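The next block holds one structure in the form of C-alpha cells; read it before the comments.
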Ligand SMILES: [Zn+2]
Ligand SMILES: [Zn+2]
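In my numbering, the protein residues as written are 1 to 155.
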C-alpha cells in the first residue's frame, strides 16, 4: 500500500489520515498464522522539514507455545512512528510505502516467545508428553538423564 504524498508535501502543517488492511492470505510468516486481516491506520503530518508517520496495527495471530508446542492465539496491537526527512523523499511523484512500513513494525511487534500459560511446565524430557496434562509414566520410573541422552542417539 503506497500513499502518494505530493499534496501533503506542498503544505507545511497539513495532515493526512490513512487506513488500510492487509489480507491474511497475502501474509507469510514462518512461525505465525494470521487469524485476521491486519488493520493499519494512522496519520501522516507535514512537520516542515520532515514527514511524520504515526500509525497503529491490529491483528490476531496463532503460534505455538514455546514450551509445550500447543497452539496459542494472541491479539497483536502496536503503535508505531517513523520520520522521513524531506531530502530522503523522491521529488518526482513522492510516495511512502505504508504497507512495507507497517509490515516491518508488525514483525517487531510479534511476540518473541509465546506461552499457553505463564507457568506452562512444557513437555516431558523423556516421552514428549505435555506435563500440564498431569505427570507422565516417566516421572514414576525416573530415567537417569545421561542414559536418556544415550537412548535418544539410537532413535
Ligand atoms: Zn505450553
Ligand atoms: Zn514422560
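Don't be surprised by glycine CBs; every beta carbon is placed ideally from N, CA and C. Model, not experiment: these values are computed from the prediction.
Query, Result
"Beta-carbon proximity of residue 33 to residue 58, cut-off 7 Å", "no"
"Cβ pair count under 8 Å reaching 3, the segment 40-56 against the segment 82-92", "yes"
"Identity of the residue in 90, 111, 41 nearest residue 73 by Cα", "111"
"Under 7 Å between C-beta atoms of residue 123 and residue 3", "no"
"Residue 113 in three-state terms, based on DSSP", "coil"
"Buried versus exposed, by CB contacts within 10 Å (16 or more), residue 7", "exposed"
"Burial state of residue 156, where buried means 16 or more other Cβ atoms lie within 10 Å", "Here the chain has residues from 1 to 155 only, and residue 156 is not among them."
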